[in-house]
Structures are given as C-alpha cells and as structure tokens.
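Peer 1: Sequential numbering from 451 applies to the sequence shown in our numbering. Note that CB positions come from ideal geometry on N, CA and C, so glycine has one too. Can you keep this structure in mind? I'll have questions shortly.
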Amino acid sequence: MIRIQLSEAEAQRLEQTFCSATDCKLRDRLNVIRLAHRRRPRHAIADQLGMSTRSVQRWLNAYLERGVEGLAPRKAPGAKAKIPEALADEVRRWVIEGPAKQGLDRANWTHAELADHLRKARGVRTSRSAVQRFCAKIGIRLYRPTYRYLRGDPVKQARAKEDLADLGKGRRPASSSS
C-alpha cells in the first residue's frame with residue numbers, strides 16, 4: 451500500500467497548487483494526493499473522484515517519483531508532418547512566383563491546387579488542410595492579391611483625382627425645405 455506523508459509546508463504548497471490549478475485533470479490528480487495524505491484508502495479515493503483504483507495508484511506513484519510535475523497532463527506528440535520542412539523554401543518560392551511560373555493557368559494559388567502541385571512536382575501526397583497548416587507555419591498567405599499587372603497609368607490616375615476633386619467643389623448638397 452502506498453502511503454503519502456507530507457510535511458506541513460508540503461501540504462500547504464499542494465493545497466495552493468490545487469486551488470490555483472485551472473486544468474481539471476491536474477486538479478483531480480492533486481486531489482488524489484490530498485485525499486491520500488488524509489489517509490483515505492485508494493478505493494474510497496477512486497469512488498469519490500470517479501476513477502479506477504489503478505489510476506489512483508498510478509498518480510500516487512507519479513507523485514512519489516517526480517512530485518507535482520509528475521501529475522501534470524502531457525500533450526501527445528501527434529503524427530509526423532506530411533510535408534517535409536525541407537520543402538518550405540521551394541513552396542514559398544512557388545507561392546511568390548505564382549502558379550503561372552509553374553505552368554498553370556491561374557492568377558493565385560488555392561490550398562487544394564498547391565496540394566495537387568506538390569503531388570505532381572514532388573510526389574508528396576497531402577490534403578488541402580495539411581497544406582493550409584504548413585503555409586501558416588512557414589508564414590505564407592496564398593490569397594494575397596497581386597496588383598503588379600493591374601497598376602494604372604499614373605497620368606490617368608492624377609487626372610482622375612483632379613476630376614474627383616473638381617466634382618467635390620462644384621456640388622453642394624441640396625437643402626430640403628418642408
């Protein structure tokens with residue numbers, strides 16, 4: 451049987467950690483230690499907290515081995531990325547140059563088209579959402595409009611500004627009389 455004996459200072463520190471914890475998993479695990487310190491049996495702790503006696507034993511052992519850090523919830527590492535980091539510079543270049551430089555008849559990329567191009571050019575099979583996450587991770591926005599082909603003639607733009615200014619001077623709002 452696992453016994454938890456805490457000094458007065460340790461018990462107070464544990465109580466403060468319990469009161470300030472916002473993660474409910476951590477609060478439950480800290481509560482296991484608090485109740486064990488009060489000499490409650492494992493099965494009673496398990497019944498009170500709605501967990502198995504095996505879980506109570508696991509958290510008691512974790513606390514004895516690593517202290518409060520042993521009770522902290524850990525995040526799973528997740529799956530390996532579908533798009534290798536080594537392709538970041540190339541994908542960035544494709545997006546900056548645009549699809550036309552890659553032989554496609556479009557003005558801008560979409561995530562689905564970029565995923566398709568990755569498959570055709572590099573053999574990387576991936577989804578639209580994976581491309582979207584990859585682009586966000588490397589700081590690329592696909593839908594930023596490009597104005598390099600749409601810039602107007604500066605002389606015509608200046609003339610249009612003058613015409614708009616003249617229109618603004620000459621027109622007065624009509625006053626309505628009742």
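Could you round the C-beta distance between residue 452 and residue 487 to whole angstroms and report it? I think they count as a contact, below 8 angstroms.
Peer 2: By one-based count along the sequence shown, residue 452 stands at place 2. By one-based count along the sequence shown, residue 487 stands at place 37. Their Cβ separation, rounded to whole angstroms, is 11 angstroms, which puts residue 452 and residue 487 out of contact at 8 angstroms.
Peer 1: Would you call the stretch 499-511 in contact with the stretch 479-486, where contact means no fewer than 3 C-beta pairs closer than 8 angstroms?
Peer 2: Yes, the stretch 499-511 is in contact with the stretch 479-486.
Peer 1: Considering only their Cβ atoms, is the gap separating residue 561 from residue 578 smaller than 9 angstroms?
Peer 2: One-based indexing of the sequence shown puts residue 578 at position 128. One-based indexing of the sequence shown puts residue 561 at position 111. Cβ distance < 9 angstroms, so residue 578 and residue 561 count as in contact.
Peer 1: Could you tell me if residue 523 is buried or exposed, where buried requires 16 or more neighbouring beta carbons within 10 angstroms of its beta carbon?
Peer 2: Taking the first residue of the sequence shown as 1, we reach residue 523 at position 73. Classification of residue 523: exposed, given that the 10 Å Cβ count is below 16.
Peer 1: Tell me whether the stretch 461-475 and the stretch 496-504 touch, counting them as touching only if at least three CB pairs, one residue from each stretch, are closer than 8 angstroms.
Peer 2: Contact fails: fewer than three Cβ-Cβ distances are below 8 angstroms.
Peer 1: According to DSSP, is residue 524 part of a helix, a strand, or is it coil?
Peer 2: As a first step, residue 524 is located in the sequence shown; it is residue number 74 there, counting from the start. Here residue 524 sits in coil by DSSP.
Peer 1: Determine whether the beta carbon atoms of residue 461 and residue 531 lie at a separation below 9 angstroms.
Peer 2: Sequence index remark: in the sequence shown, residue 461 carries index 11 (1-based). Sequence index remark: in the sequence shown, residue 531 carries index 81 (1-based). No, the pair does not count as a contact, with Cβ atoms beyond the cut-off.
Peer 1: Alpha carbon to alpha carbon, how far is residue 602 from residue 547? Give it in angstroms, no decimals.
Peer 2: Position 97 of the sequence shown holds residue 547. Position 152 of the sequence shown holds residue 602. One C-alpha to the other measures close to 21 angstroms.
Peer 1: Does the beta-carbon of residue 492 have 16 or more other beta-carbons within 10 angstroms, so that it is buried, or is it exposed?
Peer 2: By one-based count along the sequence shown, residue 492 stands at place 42. Residue 492 is buried by the Cβ-count criterion.
Peer 1: Could you check what DSSP says for residue 609 in three-state terms: helix, strand or coil?
Peer 2: The residue you call residue 609 lines up with position 159 of the sequence shown. In this structure, residue 609 counts as helix in the three-state DSSP scheme.
Peer 1: Quick one: residues in its chain with C-beta nearer than 7 angstroms to the C-beta of residue 576, no 5 flanking neighbours on either side, listed in chain order?
Peer 2: On the sequence shown, residue 576 is found 126 positions in, with the first residue counted as 1. Counting only Cβ-Cβ distances below 7 angstroms, and skipping sequence neighbours, we find 532, 533, 565 and 568.
Peer 1: Among 499, 463 and 525, which one has its Cα closest to the Cα of residue 518?
Peer 2: Here residue 518 refers to the residue found at position 68 of the sequence shown. Of the listed residues, the one whose Cα sits closest to residue 518 is 463.
Peer 1: Would you call residue 599 buried or exposed, if buried means 16 or more other Cβ atoms sit within 10 Å of its Cβ?
Peer 2: What you label residue 599 is simply residue 149 of the sequence shown in a count that begins at 1. Since pLDDT at residue 599 reaches only 49, below the 50 mark, its modelled position is unreliable, and the value read off the structure follows with that caveat. With fewer than 16 other Cβ atoms within 10 Å, it is exposed.
Peer 1: Between the Cα of residue 541 and those of 557, 584 and 499, spot the shortest distance and give me the residue it belongs to.
Peer 2: Working through the sequence shown from its first residue, we reach residue 541 at position 91. Of 557, 584 and 499, the residue nearest in Cα terms is 584.
Peer 1: Starting from residue 550 and walking both ways along the alpha helix (DSSP H), at which residues does that stretch end?
Peer 2: Residue mapping note: residue 550 aligns to position 100 of the sequence shown, counting from 1. Neither: residue 550 is in no alpha helix (DSSP H) and is coded neither H nor E.
Peer 1: Given this structure, state the Cα-to-Cα distance separating residue 582 from residue 593, to the nearest angstrom.
Peer 2: Working through the sequence shown from its first residue, we reach residue 582 at position 132. Working through the sequence shown from its first residue, we reach residue 593 at position 143. So the alpha carbons of these two residues sit roughly 11 angstroms apart.
Peer 1: With a CB to CB cut of under 7 angstroms and the five nearest residues on each side skipped, what residues in its chain are close to residue 552?
Peer 2: Here the question's residue 552 lines up with position 102 in the sequence shown. Closer than 7 angstroms at the Cβ level, and outside the excluded window around residue 552, lie 544 and 567.
Peer 1: Using the C-alpha atoms, what's the distance from residue 528 back to residue 590?
Peer 2: Numbered from 1 along the sequence shown, position 140 holds the residue referred to as residue 590. Numbered from 1 along the sequence shown, position 78 holds the residue referred to as residue 528. C-alpha separation (whole angstroms): 23 angstroms.
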